[in-house]
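Written out below as structure tokens is the structure these notes cover.
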Amino acid sequence: MTTRKTKSYYDILGVDKGATDKDIRQAFRRLARRYHPDLNPDDKEAESKFKEINEANEVLSDAESRKKYDKYGDDWRRADEYEAHYGGRERARTHTWTSDGDYDPDPFAGFEDLFRRSQRRRNETASRPQRLELDIEVTLEEAYLGSKRTVTITQGGRDRRIEVDIPPGVDNGSVVKVRPSTNQDLRLRMIVEPHPYFQRLGNDLFLDVPVPLDDAALGAEVEIGTITGKGQLKIPAGSRNGQRIRLKGKGMPKLGSPDKKGDLFVVVRPIMPEPIGDEERKVFERLRAIRMGKG
Numbered sequence: 229m230t231t232r233k234t235k236s237y238y239d240i241l242g243v244d245k246g247a248t249d250k251d252i253r254q255a256f257r258r259l260a261r262r263y264h265p266d267l268n269p270d271d272k273e274a275e276s277k278f279k280e281i282n283e284a285n286e287v288l289s290d291a292e293s294r295k296k297y298d299k300y301g302d303d304w305r306r307a308d309e310y311e312a313h314y315g316g317r318e319r320a321r322t323h324t325w326t327s328d329g330d331y332d333p334d335p336f337a338g339f340e341d342l343f344r345r346s347q348r349r350r351n352e353t354a355s356r357p358q359r360l361e362l363d364i365e366v367t368l369e370e371a372y373l374g375s376k377r378t379v380t381i382t383q384g385g386r387d388r389r390i391e392v393d394i395p396p397g398v399d400n401g402s403v404v405k406v407r408p409s410t411n412q413d414l415r416l417r418m419i420v421e422p423h424p425y426f427q428r429l430g431n432d433l434f435l436d437v438p439v440p441l442d443d444a445a446l447g448a449e450v451e452i453g454t455i456t457g458k459g460q461l462k463i464p465a466g467s468r469n470g471q472r473i474r475l476k477g478k479g480m481p482k483l484g485s486p487d488k489k490g491d492l493f494v495v496v497r498p499i500m501p502e503p504i505g506d507e508e509r510k511v512f513e514r515l516r517a518i519r520m521g522k523g
């Protein structure tokens, strides 16, 4: 078994080994907001850090993989192999005593018992479900509403098509587990496609909304797009560039609890009129004079 030379998954997320599932989720969301590639464009270090954080979260947020990681560390992916070979225990050496009292390892002692254990492990391995893994691409809208996918698996030399339900709230790296038969274990890893308008962090959504400069200054009601359609939004007077307006409960549903949703943050982006006409120029000149105390 190898020794991990880099940080453990717990260290990467900044939690201790006894952290609860809630602690892990909160740590991942906090770090994801800091290092997400969408918020750090062209930053290779942040991109690498985000991948590291995402990998740690995928392992520690799944009870089965976390148990294997706690036991085998970096070799957790080979846990099934170790369990099948050693029966979940370290190999035991069998020894005997010779007639004159000297200690002598006997390689044949306990052979019959060893054979029975080996045979039992082979039978357990043969009956263990075959694990299949597939990557599934979904749109952000499908991740919000839930979706269905038809996948093809091979069983007994024949192709079999099955329909799979993708629950609302899945995110990049989410795994949907399906048992198409007693001897097959299907795991679908979700890949959520980038959206042209919305950015996602956890269950929260962010949307840049261009607003005419006069509307940002004086306030206005504008039409915006949400993940489920269009809506009206009141822009407060004096809104600055980058100012966020929070729409509670308009974000993504929580995986496993679709009635609970994150928030939508509308980011105000004032825009200049283009081109500026003579009348508009006069207005801006008047505004500058007022701000300089010459009005």
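In our numbering, the protein residues as written are 229 to 523.
Cβ atoms here follow ideal geometry from the backbone N, Cα and C, with glycine treated the same way.
- prompt: Given residue 475, which residues of its chain have a CB within under 7 angstroms of its CB, disregarding the five upstream and five downstream residues?
  reply: Within the sequence shown, residue 475 is the residue found at index 247, counting from 1. Cβ within range, chain order: 491, 492 and 494.
message: Per the DSSP calculation, residue 380 is bridged to which residue(s)?
response: Translated into positions along the sequence shown, residue 380 becomes position 152. Residue 380 is bridged to 389.
message: Let me check understanding here. Comparing Cα to Cα, which of 388, 380, 386 and 396 lies closest to residue 368?
response: Counting from 1 along the sequence shown, the entry for residue 368 is found at position 140. Checked all of 388, 380, 386 and 396; the closest Cα to residue 368 is 396.
field: Straight-line Cα distance separating residue 420 from residue 371
entry: Walking along the sequence shown from the start, residue 371 turns up at place 143. Walking along the sequence shown from the start, residue 420 turns up at place 192. Spanning the two alpha carbons is a distance of roughly 7 angstroms.
field: Closest residue to residue 281 among 401, 439 and 300 (Cα-Cα distance)
entry: Along the sequence shown, read from residue 1 onward, the residue named residue 281 stands at position 53. Residue 281 has its Cα closest to that of 401, out of 401, 439 and 300.
- prompt: What are the start and end residues of the alpha helix (DSSP H) that includes residue 448?
  reply: The count along the sequence shown starts at 1 and reaches residue 448 at position 220. Where residue 448 is concerned, there is no enclosing alpha helix (DSSP H), although the beta strand (DSSP E) it sits in stretches over 448-454.
message: Is the separation between the beta-carbon of residue 452 and that of residue 461 shorter than 7 angstroms?
response: Sequence index remark: in the sequence shown, residue 452 carries index 224 (1-based). Sequence index remark: in the sequence shown, residue 461 carries index 233 (1-based). Contact flag set, yes.
- prompt: Would the beta-carbon of residue 393 fall within 7 angstroms of that of residue 376?
  reply: Stepping through the sequence shown from its first residue, residue 393 is reached at position 165. Stepping through the sequence shown from its first residue, residue 376 is reached at position 148. Cβ atoms of residue 393 and residue 376: closer than 7 angstroms.
- prompt: Going straight from the alpha carbon of residue 432 to that of residue 520, what length do you get?
  reply: Numbered from its first residue, the sequence shown carries residue 432 at position 204. Numbered from its first residue, the sequence shown carries residue 520 at position 292. In a straight line, the C-alpha of residue 432 is about 41 angstroms away from that of residue 520.
message: Using the three-state DSSP reduction, which class does residue 267 fall into: helix, strand or coil?
response: Here the question's residue 267 lines up with position 39 in the sequence shown. Reduced to three states, the DSSP call for residue 267 is helix.
task: Would you check if the distance between the CB atom of residue 380 and the CB atom of residue 387 is smaller than 7 angstroms?
output: Reading the sequence shown from its first residue, position 152 is the one you call residue 380. Reading the sequence shown from its first residue, position 159 is the one you call residue 387. Cβ distance < 7 angstroms, so residue 380 and residue 387 count as in contact.
query: Which first and last residues belong to the alpha helix (DSSP H) in which residue 518 is found?
result: In the sequence shown, the residue the question calls residue 518 occupies position 290. First-last of the alpha helix (DSSP H) with residue 518: 506-519.
- prompt: Hey, residue 360 and residue 414: beta-carbon distance below 7 angstroms or not?
  reply: Stepping through the sequence shown from its first residue, residue 360 is reached at position 132. Stepping through the sequence shown from its first residue, residue 414 is reached at position 186. The answer is yes: Cβ separation under 7 angstroms.
- request: Check each candidate in 480, 439, 488 and 458 and name the one with the smallest Cα separation from residue 468.
  value: Stepping through the sequence shown from its first residue, residue 468 is reached at position 240. Residue 468 has its Cα closest to that of 439, out of 480, 439, 488 and 458.
- request: In angstroms with no decimal places, state the Cα-to-Cα distance between residue 236 and residue 496.
  value: In the sequence shown, the residue the question calls residue 236 occupies position 8. In the sequence shown, the residue the question calls residue 496 occupies position 268. Rounded to whole angstroms, residue 236 to residue 496 spans 40 angstroms at the Cα level.
- request: For the segment 399-447, list the alpha helix (DSSP H) runs that are entirely contained and at least 4 residues long, ordered along the chain.
  value: 441-446
- prompt: Counting along the chain, where does the alpha helix (DSSP H) carrying residue 241 start and finish?
  reply: Position 13 of the sequence shown, counted from the start, is the residue given in the question as residue 241. Here the alpha helix (DSSP H) through residue 241 covers 237-241.
Every unbroken beta strand (DSSP E) inside the segment 472-510 [3 residues or more]: 472-475, 485-489 and 492-499
message: Three Cβ pairs or more, each shorter than 8 angstroms: is that satisfied between the segment 268-288 and the segment 241-250?
response: yes
message: With a threshold of 6 angstroms on Cβ separation, who are the neighbours of residue 171 within its own chain once the five nearest residues in sequence on each side are excluded?
response: Summary: the structure shown does not reach residue 171, with the chain confined to residues 229 through 523, and so no result is reported for it.
- prompt: Under the rule that 16 or more other beta-carbon atoms within 10 Å means buried, what is residue 425, buried or exposed?
  reply: For this step, residue 425 is matched to residue 197 along the sequence shown. Answer is exposed; the Cβ neighbour count stays below 16.
message: Taking the alpha helix (DSSP H) that residue 458 belongs to, which residues open and close that run?
response: Translated into positions along the sequence shown, residue 458 becomes position 230. Counting along the chain, residue 458 falls outside any alpha helix (DSSP H), though it belongs to the beta strand (DSSP E) covering 457-463.
message: Assuming the contact rule is C-beta atoms closer than 8 angstroms, residue 287 and residue 297 should be a hit. Round their C-beta distance to whole Å, please.
response: Translated into positions along the sequence shown, residue 287 becomes position 59. Translated into positions along the sequence shown, residue 297 becomes position 69. That pair is a contact at about 5 angstroms.
- prompt: Can you give the Cα-Cα distance for residue 266 and residue 385, rounded to whole angstroms?
  reply: As a first step, residue 266 is located in the sequence shown; it is residue number 38 there, counting from the start. As a first step, residue 385 is located in the sequence shown; it is residue number 157 there, counting from the start. Taking the straight line from one Cα to the other gives about 43 angstroms.
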